[in-house]
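Sequence positions in the sequence shown follow our numbering and run 11 to 208. This report concerns only the one structure given below.
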Amino acid sequence: SNGRWTVQTTNEGVPALKINNAYRELVARGGLSKADASFIKEKIRDGKFVIEAVERRQQMLKSLGEAILSRQIDFFEKGEAFLKPFTMAQAAEILNVHPTTVSRAVAEKYAEARHKIVPLKFFFSGGIEGGGEGAEISSSSIKKAIAEIVENEDPQKPLSDSKIAETLASRGANIARRTVAKYREELNIPEKSLRKRF
11 SNGRWTVQTT
21 NEGVPALKIN
31 NAYRELVARG
41 GLSKADASFI
51 KEKIRDGKFV
61 IEAVERRQQM
71 LKSLGEAILS
81 RQIDFFEKGE
91 AFLKPFTMAQ
101 AAEILNVHPT
111 TVSRAVAEKY
121 AEARHKIVPL
131 KFFFSGGIEG
141 GGEGAEISSS
151 SIKKAIAEIV
161 ENEDPQKPLS
171 DSKIAETLAS
181 RGANIARRTV
191 AKYREELNIP
201 EKSLRKRF
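In structure tokens form, the structure reads like this:
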């Protein structure tokens with residue numbers, strides 16, 4: 011809104027829960043046995059607990075979304091190549107909760123971002139220090155860049171891992187040759203000599 015990114019939780023699939031007032035009135039009117047009144051009061055307490063838990067969960071998701079937005083603003087503004095490393099432990103620290111709370115909140119949840127639906131896990135990854143201004147770059151962004159560099163290389167003169175590292179450095183990501191080799195292998199891209207086409 012007003013040119014600023016905002017986080018909104020969707021309440022689709024989240025039931026609108028409330029406690030039926032008839033039960034409260036039943037207890038207030040009196041005339042129930044002690045056991046019946048106690049049973050109804052206990053169920054009202056249980057109901058309140060469930061309602062509050064659902065509200066807390068929605069608030070947690072919104073807070074988590076805001077933490078992701080602030081950390082990954084460059085992704086939202088510029089695209090996937092600008093995704094930064096962000097761990098669930100870091101998110102937990104920001105939100106002042108246990109990392110397992112973040113892990114549970116992220117599980118099987120999705121966000122609509124840049125006109126596509128992505129799992130919340132998409133925003134979390136390890137990473138490495140970049141170049142120039144010491145910016146961090148996520149390992150998934152580096153892998154994407156390596157795949158793109160190899161895809162666009164001259165098939166008669168494939169690039170060595172050192173040359174790929176140089177190309178990445180020119181884009182502001184100072185990655186060691188051995189890291190390029192590791193990521194290239196993880197992407198199932200053969201080494202230079204096996205990529206040569208005549």
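By construction, the Cβ of each residue, glycine as well, lies at the ideal position given by its N, Cα and C atoms. All values reported here derive from a predicted model rather than from experimental measurement.
Cβ shell of residue i (< 6 Å), same chain only, five flanking positions each side left out
| i | result |
| --- | --- |
| Gly144 | Legend: pLDDT at Gly144 = 38, less than 50; position of this residue unreliable, no value from coordinates given. |
| Pro109 | Met98, Ala99 and Ala102 |
Range of the contiguous beta strand (DSSP E) that encloses residue i
| i | result |
| --- | --- |
| Lys88 | First-last for Lys88: Ile83 to Lys88, but that is the alpha helix (DSSP H), not the beta strand (DSSP E). |
| Glu122 | Tyr120 to Ala123 |
| Lys126 | Lys126 to Pro129 |
Limits of the unbroken alpha helix (DSSP H) element including residue i
| i | result |
| --- | --- |
| Ala32 | Asn31 to Arg39 |
| Pro109 | Pro109 to Val116 |
| Ser149 | Ser149 to Glu161 |
Cβ separation of residue i and residue j, assumed to be a contact under 8 Å, to the nearest whole Å
| i | j | result |
| --- | --- | --- |
| Phe92 | Ser135 | Rounded, the Cβ-Cβ distance is 13 Å, inconsistent with contact. |
| Leu105 | Val17 | Not really, about 13 Å apart at Cβ, beyond 8 Å. |
Residue i versus residue j: straight-line alpha-carbon distance, rounded
| i | j | result |
| --- | --- | --- |
| Ile156 | Arg194 | 7 Å |
| Pro25 | Arg81 | 31 Å |
| Lys28 | Ile61 | 7 Å |
| Glu118 | Lys94 | 21 Å |
Within 8 Å, strictly: CB atoms of residue i and residue j
| i | j | result |
| --- | --- | --- |
| Ile50 | Val64 | no |
| Gln166 | Arg205 | no |
| Glu90 | Lys192 | no |
| Thr19 | Lys72 | yes |
Beta-carbon contacts of residue i that lie in its chain and below 7 Å, excluding the five residues immediately before and after
| i | result |
| --- | --- |
| Lys131 | Val116 |
| Ile127 | Tyr120 |
8 Å Cβ shell around residue i - same chain, five flanking residues per side excluded
| i | result |
| --- | --- |
| Leu169 | Ile159, Val160, Glu163, Thr177 and Lys202 |
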